[in-house]
């Protein structure tokens, strides 16, 4: 264990310690609950396993993307394309990647944090997250129910709103 002078856990070991402690508490709670209602405990574990199976492909994709970003992306590169000096190119990239990204949003958080640590502006993070609401596979269904004009106008307004939100966040952070 990595301790400082006061005996407190430092840095990455603190996160690992917290994660393992949390896992241990969850396992103990499941064991205790299994004594009271084993059927419900089994159903809960089965539902959790199904969720893990559903998010596993996207989780693997994000982990691979994080590995690639660590290997290829340097702070200077991220700053050039997604940093304070990225300009229109950064905004368009954040919009495009947000629209093209799939899977549960919480799986993308580690990658966004990694990019943020390499110099990505918070406004661009907001633009990415906002544009995830535009789902390309669902567009035909949306057009069927609401019509082509409505869908195009909605998408344009969502992109415009994402840009406004991103600019506001950058202004609050003092990046603008």
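In this note's numbering, the protein residues as written are -9 to 166. In this text, a Cβ means the ideal position worked out from N, Cα and C, and glycines have one as well. Every value quoted in this text rests on a predicted model; they were computed, and no experiment measured them.
| Check | Outcome |
| --- | --- |
| Check whether residue 151 and residue 111 have beta carbons under 7 Å apart | no |
| Every unbroken alpha helix (DSSP H) within the region 115 to 142, with a cutoff of 4 residues, ordered by chain | 129 to 136 |
| Buried or exposed by the 16-neighbour rule on C-beta atoms within 10 Å, applied to residue 43 | exposed |
| DSSP-derived helix/strand/coil call for residue 47 | helix |
| Expected contact under 8 Å - CB spacing of residue 105 and residue 72 to nearest Å | 6 Å |
| Residue 80, enclosing alpha helix (DSSP H) - first and last residue | 77 to 90 |
| Endpoints, the alpha helix (DSSP H) within which residue 27 is located | Premise fails: residue 27 is in no alpha helix (DSSP H) and is neither H nor E. |
| Residue 96, enclosing alpha helix (DSSP H) - first and last residue | Run containing residue 96: none; DSSP gives neither H nor E here. |
| Where residue 110 sits in the DSSP three-state scheme | coil |
| Proximity below 7 Å, CB of residue 124 to CB of residue 95 | no |
| Pairwise C-alpha distance: residue 98 and residue 33 | 28 Å |
| Residues of its chain near residue 91, where Cβ-Cβ distance is below 8 Å and the 5 sequence neighbours each way are ignored | 98, 118 and 122 |
| Under the three-state DSSP convention, the category residue 73 falls into | coil |
| Between the CA atoms of residue 62 and residue 54 - distance to the nearest angstrom | 12 Å |
| Residue from 164, 153 and 127 with nearest C-alpha to residue 79 | 153 |
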